[in-house]
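Residue numbers (this note's numbering): 2 to 423.
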């Protein structure tokens, strides 16, 4: 069930009721479609106790007048999170500032002043809902993280992510579950495989792989889809390089298809990158892709990977997997000039790092990198992108085709991590 968003107006009983009502009507008009429930005007402690605002509620508090600090403080003690929305008269802001000064160290309160002329409240609510949705998710860890992820894996990574999103469930799943379903599908072919193979080959602009390679990749897709459904997973990581060794195919096409419509899946067992994909996709209401930070020069970034959601690209080619030369990799072409956000949540350094820019080119830009390559110009001063290197927080970053600066700002406040803009 979706967590509740409550609008809670508070006022001092000393103020003119007609003036209070006039201001309250303004809040109703601007926010009625953004909240789930609006409580009656509260002017006394006892009125707070008569309402159910405990648990997982986001309390959007409208201090209509001065003298409401004590009411705000009590609401804060009961609600999951408090968002203060003061207005420009009747000592609303002074009251909000005094209360916010008291409660802000709890990391469960924020304040927005220009809410009435912007979309900031809606963006805050979206960020809050995403954070709460993550707390209810079940993530499958299919195989151990790849051994080269020396920073992005380990007990502490899982522990900190579990603390940031209390209630988030991690389920360890053996690759054997995937392999058994793969073997079954090879022995007893699914009727969908042939038509899927024809569709994929027909959609590709160019295909430099055999029909057999595509077929085996699609068997992997159905096997992985089976694992997701069997364990009722919301998202999954996979130790994908073992699949090359054990099944003589790749999971790149499977990951591409699953990320296009079924669930969110990350490669190499990189859990922070997967969580970032979930965050970026849900904040942007759009697909996302993770990739290697392949090169940086001045304010130009190159991110590369052998998979990308097919429904995220304007066209795609099929080629082999870059490192192994086996299976199927995806060469995706993204729209030139499209605004992008590049981001990574790092639990070890307690930071969300992000940058905003635009796509300069994509596709097979270099022959010696993973198949999908995205070259981006970052909107920042020259030299600032060196921070990606000199203050490294991992290799994989996530791209989504939308500027989600404001949403990331609010999400970082809600979960209590630093926000770092490049």
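All residues carry an ideal CB built from backbone N, CA and C; glycine is no exception.
From residue i to residue j, what does the alpha carbon distance come to, in whole angstroms?
| i | j | result |
| --- | --- | --- |
| residue 169 | residue 290 | 22 Å |
| residue 2 | residue 220 | In this prediction, residue 2 scores a pLDDT of 48, lower than 50, which makes its location untrustworthy; the coordinate-derived value is nonetheless stated afterwards. So the two alpha carbons sit approximately 34 Å from each other. |
| residue 357 | residue 322 | 29 Å |
| residue 364 | residue 314 | 10 Å |
| residue 110 | residue 124 | 15 Å |
| residue 21 | residue 66 | 8 Å |
| residue 190 | residue 184 | 10 Å |
| residue 106 | residue 413 | 14 Å |
| residue 143 | residue 274 | 15 Å |
| residue 216 | residue 196 | 10 Å |
| residue 205 | residue 306 | 18 Å |
| residue 259 | residue 333 | 15 Å |
| residue 344 | residue 46 | 43 Å |
| residue 338 | residue 272 | 30 Å |
| residue 410 | residue 418 | 10 Å |
| residue 26 | residue 41 | 12 Å |
| residue 48 | residue 114 | 26 Å |
| residue 212 | residue 155 | 38 Å |
| residue 19 | residue 157 | 56 Å |
| residue 250 | residue 285 | 32 Å |
| residue 336 | residue 355 | 20 Å |
| residue 253 | residue 374 | 14 Å |
| residue 68 | residue 97 | 9 Å |
| residue 232 | residue 174 | 9 Å |
| residue 188 | residue 327 | 22 Å |
| residue 243 | residue 227 | 18 Å |
| residue 39 | residue 71 | 20 Å |
Taking a contact to mean a Cβ-Cβ separation below 8 Å, would you say residue i touches residue j in this structure?
| i | j | result |
| --- | --- | --- |
| residue 261 | residue 311 | yes |
| residue 342 | residue 393 | no |
| residue 218 | residue 255 | yes |
| residue 234 | residue 141 | yes |
| residue 377 | residue 359 | yes |
| residue 11 | residue 64 | yes |
| residue 245 | residue 325 | yes |
| residue 304 | residue 295 | yes |
| residue 179 | residue 225 | yes |
| residue 276 | residue 346 | yes |
| residue 266 | residue 297 | no |
| residue 145 | residue 270 | yes |
| residue 329 | residue 236 | no |
Nearest by alpha-carbon distance to residue i: which of the options is it?
| i | options | result |
| --- | --- | --- |
| residue 384 | 299, 71 and 347 | 299 |
| residue 210 | 362, 370 and 331 | 331 |
| residue 8 | 241, 50, 58 and 208 | 58 |
| residue 248 | 305, 181 and 230 | 181 |
| residue 81 | 231, 308 and 130 | 130 |
| residue 348 | 339, 269, 336 and 152 | 152 |
| residue 138 | 99, 229, 107 and 224 | 229 |
| residue 165 | 373, 408 and 353 | 353 |
| residue 186 | 223, 201 and 177 | 223 |
| residue 420 | 350, 397 and 362 | 350 |
| residue 128 | 103, 147, 4 and 378 | 4 |
| residue 88 | 112, 134, 108 and 104 | 112 |
| residue 202 | 41, 416 and 319 | 319 |
| residue 430 | 286, 285 and 309 | Look at the range of the chain in this structure, 2 to 423, and you will see that residue 430 is not part of it. |
| residue 14 | 91, 297 and 161 | 91 |
| residue 422 | 415, 380, 397 and 159 | 380 |
| residue 415 | 132, 156 and 114 | 132 |
| residue 257 | 372, 231 and 243 | 372 |
| residue 167 | 387, 135 and 374 | 135 |
| residue 118 | 243, 340 and 28 | 28 |
| residue 407 | 366, 120, 198 and 386 | 120 |
| residue 93 | 16, 108 and 50 | 16 |
Going by beta carbon distance, what residues of the same chain come within less than 8 Å of residue i, once the five residues before and after it are set aside?
| i | result |
| --- | --- |
| residue 163 | 169 and 171 |
| residue 104 | 73, 74, 77, 83 and 110 |
| residue 340 | 357, 358, 359, 402, 403 and 404 |
Apart from the five residues on each side of it in sequence, which residues of its chain come closer than 6 Å, Cβ to Cβ, to residue i?
| i | result |
| --- | --- |
| residue 73 | 62 and 100 |
| residue 207 | 318 |
| residue 268 | 241 |
| residue 6 | 36, 37, 59 and 126 |
| residue 79 | 54 and 55 |
| residue 44 | 12 and 14 |
| residue 397 | 271, 274 and 291 |
Ordered along the chain, which non-local residues of its own chain (more than five positions away) have a Cβ less than 7 Å from that of residue i?
| i | result |
| --- | --- |
| residue 369 | none |
| residue 24 | 65, 88 and 91 |
| residue 116 | 86 and 122 |
So is residue i in contact with chain D if we call contact Cβ pairs under 8 Å?
| i | result |
| --- | --- |
| residue 270 | No chain D appears in the structure shown, which is made up of a single protein chain. |
Could you tell me whether the region 397-404 touches the region 268-282, using the rule of 3 or more Cβ pairs below 8 Å?
Segments in contact, yes.
Check whether the region 19-34 and the region 46-57 touch, using three or more Cβ-Cβ pairs below 8 Å as the test.
Result no; under three Cβ-Cβ pairs closer than 8 Å.
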